[in-house]
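Chemist: Before I ask anything, let me first share the structure, which is written out below as structure tokens.
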Amino acid sequence: MSTLLKIQFTIPEETADEAGVFIASKVPHGWEETPAGDGRRFTLYLEDHPLGHEMVREFQARFPEADVTWSEQESENWAMAWKDFFVPVNCGESFRIYPPWLNDDEENGTTHIVIEPKMAFGTGHHATTSLCLATIGRLAKAGTIAEGKTFLDLGTGSGILGIGLSKLGLTGIGLDIDPQAVVCAVENVAANGVTESMRLAVGSIDCVEPGRTFDLVVANILSGPLIEMAGDIVARVRPGGTLVLSGILADKQSDAVAEAYGRRGLGEPERFVEGEWICLVWQNLGS
Numbered sequence: 002m003s004t005l006l007k008i009q010f011t012i013p014e015e016t017a018d019e020a021g022v023f024i025a026s027k028v029p030h031g032w033e034e035t036p037a038g039d040g041r042r043f044t045l046y047l048e049d050h051p052l053g054h055e056m057v058r059e060f061q062a063r064f065p066e067a068d069v070t071w072s073e074q075e076s077e078n079w080a081m082a083w084k085d086f087f088v089p090v091n092c093g094e095s096f097r098i099y100p101p102w103l104n105d106d107e108e109n110g111t112t113h114i115v116i117e118p119k120m121a122f123g124t125g126h127h128a129t130t131s132l133c134l135a136t137i138g139r140l141a142k143a144g145t146i147a148e149g150k151t152f153l154d155l156g157t158g159s160g161i162l163g164i165g166l167s168k169l170g171l172t173g174i175g176l177d178i179d180p181q182a183v184v185c186a187v188e189n190v191a192a193n194g195v196t197e198s199m200r201l202a203v204g205s206i207d208c209v210e211p212g213r214t215f216d217l218v219v220a221n222i223l224s225g226p227l228i229e230m231a232g233d234i235v236a237r238v239r240p241g242g243t244l245v246l247s248g249i250l251a252d253k254q255s256d257a258v259a260e261a262y263g264r265r266g267l268g269e270p271e272r273f274v275e276g277e278w279i280c281l282v283w284q285n286l287g288s
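Numbering (the numbering used here), first residue to last: 2 to 288.
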């Protein structure tokens, strides 16, 4: 029977966001974040044990003040481990995220998204995901995002952003370089009844057909890849379209990302902040 390596990092609050960025650069799927005294605890599960132990060594070297523990856990207990902390969460005024065991179809004026918390980033609990969904909701209310338009969700993770867009009447593609994330996204797309609206594939932006563009491109990944792929990402936005970028620390990374896209002629973005994180938005590109 296969086992997962359960790793927990407990770190002071002042370095917790930096630790989160480090973990995101090493682990393509999701993790749990919970308060721990005056700090924060990160809990994650890895099938690749050597990778996990190497990550522990790197984490301890970079954050010597952190407390780190690890243990083996039966893989089929993965979902149960999430049930202890996963609760419905509102993302802005437009979306509410549920796990399958709590979705009761209540009418509360929001668009419901059902996400099975597995090994893929994007449950709505992390600020970057909730910030993206809140921003999508604002754009929809303003009429920028509308039924019949197309989207590209780069770094789709659990598929949560693409599912939200599909429920607003858009059609598009979700891409992720992690095959496990795409497996999870396929399940979530089916659970939300949007299989006709959202296709999924393993890969990055370079696997999209040459010349294909979208009314909306959303990328909730990391600042480094966003900067490296700036030219390719901008090229995928249709004239008059919208670009939404997140996964960016507000006070440390936002200016560098904005500058990289400004060099592509995009100008200054709108900035939406939640906690330590920021979402950059450009509308009417090329208009």
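Quick reminder that beta carbons are idealized off the backbone N, C-alpha and C, glycines included.
What do you reckon, are the CB atoms on I12 and A62 nearer than 7 angstroms?
Modeler: no
Chemist: Give every residue of the same chain whose Cβ lies closer than 8 angstroms to the Cβ of P180, excluding the five residues on either side of it in the sequence, and list them in chain order.
Modeler: If we look at P180 and ignore the five residues flanking it on each side, its Cβ neighbours are V203.
Chemist: Mind checking which residues open and close the alpha helix (DSSP H) that includes A135?
Modeler: A128 to K142
Chemist: For L314, which residues of its own chain have a beta-carbon under 7 angstroms away from its beta-carbon, when the five flanking residues on both sides are left out?
Modeler: This structure cannot settle anything about residue 314, because the visible part of the chain is limited to 2 through 288.
Chemist: Between D233 and T172, what straight-line distance do the alpha-carbon atoms span, to the nearest angstrom?
Modeler: 21 angstroms
Chemist: Between which two residues does the alpha helix (DSSP H) harbouring V184 extend?
Modeler: In the DSSP assignment, V184 falls within the alpha helix (DSSP H) that extends over P180 to A192.
Chemist: In angstroms with no decimal places, state the Cα-to-Cα distance between A121 and P89.
Modeler: The predicted model places A121 with a pLDDT of 47, which falls under 50 and marks its position as unreliable; any figure quoted below should be read in that light. It is roughly 17 angstroms from the alpha-carbon of A121 to the alpha-carbon of P89.
Chemist: Looking at C-alpha atoms only, which residue of E15, V235, I161 and T16 is the closest neighbour of Y99?
Modeler: I161
Chemist: If we ignore side chains and look at the alpha-carbon of each, how far apart do G158 and E15 end up?
Modeler: One C-alpha to the other measures close to 27 angstroms.
Chemist: Helix, strand or coil for L6 per DSSP?
Modeler: strand
Chemist: How would you write the range of the alpha helix (DSSP H) that R63 sits in, first residue to last?
Modeler: H50 to R63
Chemist: Give the range of the beta strand (DSSP E) segment to which I279 is assigned.
Modeler: W278 to W283
Chemist: Is L153 closer than 7 angstroms to C92 when the C-beta atoms are compared?
Modeler: no
Chemist: Would a C-beta distance cut-off of 7 angstroms place M199 and V209 closer than the cut-off?
Modeler: no
Chemist: Using beta-carbon positions only, say whether Q254 and S224 come within less than 7 angstroms of one another.
Modeler: Yes.
Chemist: What separation, rounded to the nearest whole angstrom, lies between the Cα atoms of T112 and P65?
Modeler: 43 angstroms
Chemist: Excluding sequence positions up to five away, which residues of its chain have a Cβ less than 8 angstroms from the Cβ of E148?
Modeler: Counting only Cβ-Cβ distances below 8 angstroms, and skipping sequence neighbours, we find L169, G170 and L171.
Chemist: Would the beta-carbon of G287 fall within 7 angstroms of that of P211?
Modeler: Result no, Cβ atoms of G287 and P211 do not sit closer than 7 angstroms.
Chemist: Given a threshold of 16 other Cβ atoms within 10 Å of its Cβ, counted over all protein chains shown, does A257 qualify as buried or as exposed?
Modeler: exposed
Chemist: Between the Cα of D270 and those of V195, V282, N221 and V187, spot the shortest distance and give me the residue it belongs to.
Modeler: A quick correction: the sequence has Pro, not Asp, at residue 270. Ranked by how close their Cα comes to the Cα of P270, the residues V195, V282, N221 and V187 have V282 in first place.
Chemist: Under the assumption that G144 contacts S95 (Cβ atoms under 8 angstroms), give the Cβ distance between them as a whole number of angstroms.
Modeler: Contact flag wrong, Cβ pair sits at about 13 angstroms.
Chemist: Whose C-beta lies closer than 7 angstroms to the C-beta of N221 among residues of the same chain, with five residues either side of it excluded?
Modeler: T129, T130, C133, G156, L162, S247 and G248
Chemist: Please go through the same chain and pick out, in chain order, the residues whose beta-carbon is closer than 7 angstroms to the beta-carbon of E231, but skip the five residues on each side of it.
Modeler: According to the sequence as given, residue 231 is Ala; it is not Glu. The answer, listed in chain order, is A261, Y262 and R265.
Chemist: Tell me whether W32 is buried or exposed, calling it buried when 16 or more other Cβ atoms sit within 10 Å of its Cβ.
Modeler: buried
Chemist: If the criterion is Cβ atoms closer than 7 angstroms, does the pair F215 and T136 meet it?
Modeler: no
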